[in-house]
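Undergrad: I'd like to ask some things about the structure below.
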Amino acid sequence: MSLRDLIEAKQRRTVTWPLLVGNPSAAAAEVETFRKALDLHQAGVAEKRKGGKRPTKADLQRDGQLKSDLKAALERMAATVVNIELQSLPEDEWEALFGSIEPDGDGEYDLRPIHAVALAASCTDPDLQDVDWWAEQLRRPEWSDGDKAAISRTLLELNIYAPRFDLLGKG
Numbered sequence: 003m004s005l006r007d008l009i010e011a012k013q014r015r016t017v018t019w020p021l022l023v024g025n026p027s028a029a030a031a032e033v034e035t036f037r038k039a040l041d042l043h044q045a046g047v048a049e050k051r052k053g054g055k056r057p058t059k060a061d062l063q064r065d066g067q068l069k070s071d072l073k074a075a076l077e078r079m080a081a082t083v084v085n086i087e088l089q090s091l092p093e094d095e096w097e098a099l100f101g102s103i104e105p106d107g108d109g110e111y112d113l114r115p116i117h118a119v120a121l122a123a124s125c126t127d128p129d130l131q132d133v134d135w136w137a138e139q140l141r142r143p144e145w146s147d148g149d150k151a152a153i154s155r156t157l158l159e160l161n162i163y164a165p166r167f168d169l170l171g172k173g
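Positions in the sequence shown are counted from 1; adding 2 to them yields my numbering.
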């Protein structure tokens, strides 16, 4: 494929926005609890083996149960974050949304007024392309200023700022 072909095949940029939807601290604590229990159990089995004893059926069952519990806890921890794929908006759509927003005295942009519309327009998942639903979600008290700052940063990185090629490594 020629360079011209590659350029002509250029696609809209996409980014994965990780959205915290659960309690990662509680999930991490649960993982740590099961990890320690498994470590202690396995250390006890290792001591038995050093003493020339074989693990009992109960030891093997306990090992399997603890591994299963740990796996489930790791899955619950992973479920505290969902990844939402967003794509850049065509220039005319972005300008229609962003055009009226002016930077504050520090040169920062407050994108909160357009979050719902921009998210609905940017989501690649059709189920998330609902402006009213996003507006309702963003009004809920569970959405912190940090969540909203992350939305603004992600939208700006996707639609305004140049991509960071230095993150890709040397070519």
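Beta carbons: idealized from backbone N, C-alpha and C, even for Gly.
#1: Tell me whether VAL33 is buried or exposed, calling it buried when 16 or more other Cβ atoms sit within 10 Å of its Cβ.
#2: Counting C-beta neighbours from all protein chains within 10 Å, is the total for LEU62 16 or more, i.e. buried, or is it exposed?
#3: Which residue or residues does DSSP assign as beta-bridge partners of LEU130?
#4: Determine the direct distance from the alpha carbon of ALA28 to that of VAL47, and round the result to whole angstroms.
#5: Given this structure, state the Cα-to-Cα distance separating ILE9 from TRP135, to the nearest angstrom.
#6: For ILE153, which of helix, strand or coil comes out of DSSP?
#7: Opposite VAL84 in the DSSP bridges: which residues?
#8: Counting only runs that start and end within the stretch 28 to 101, where is the beta strand (DSSP E) found for 3 or more residues in a row?
#9: Taking C-beta to C-beta, are LEU42 and ASP149 nearer than 9 Å?
TA: According to the data block:
#1: On the sequence shown, residue 33 is found 31 positions in, with the first residue counted as 1. Burial call: buried.
#2: What you label residue 62 is simply residue 60 of the sequence shown in a count that begins at 1. If you draw a 10 Å sphere on the C-beta of LEU62, you find fewer than 16 other C-beta atoms in it, and that means exposed.
#3: Translated into positions along the sequence shown, residue 130 becomes position 128. Residue pairing by DSSP places LEU130 opposite no residue, since no beta bridge is assigned to it.
#4: The sequence position of residue 47 within the sequence shown is 45, counting from 1. The sequence position of residue 28 within the sequence shown is 26, counting from 1. Their backbone Cα atoms lie some 29 Å apart in a straight line.
#5: For the purposes of this step, residue 9 is identified with residue 7 of the sequence shown, where counting begins at 1. For the purposes of this step, residue 135 is identified with residue 133 of the sequence shown, where counting begins at 1. For ILE9 and TRP135, the gap between their C-alpha atoms comes out near 36 Å.
#6: Looking up residue 153 in the sequence shown gives position 151. DSSP, reduced to helix, strand and coil, places ILE153 within a helical segment of the structure shown.
#7: Here residue 84 refers to the residue found at position 82 when the sequence shown is read from its first residue. DSSP output for VAL84 lists LEU21 as bridge partner(s).
#8: Whole beta strand (DSSP E) segments, 3+ residues: 83 to 89.
#9: Here residue 42 corresponds to residue number 40 of the sequence shown, with the count starting at 1. Here residue 149 corresponds to residue number 147 of the sequence shown, with the count starting at 1. No, these two residues do not count as a Cβ contact at 9 Å.
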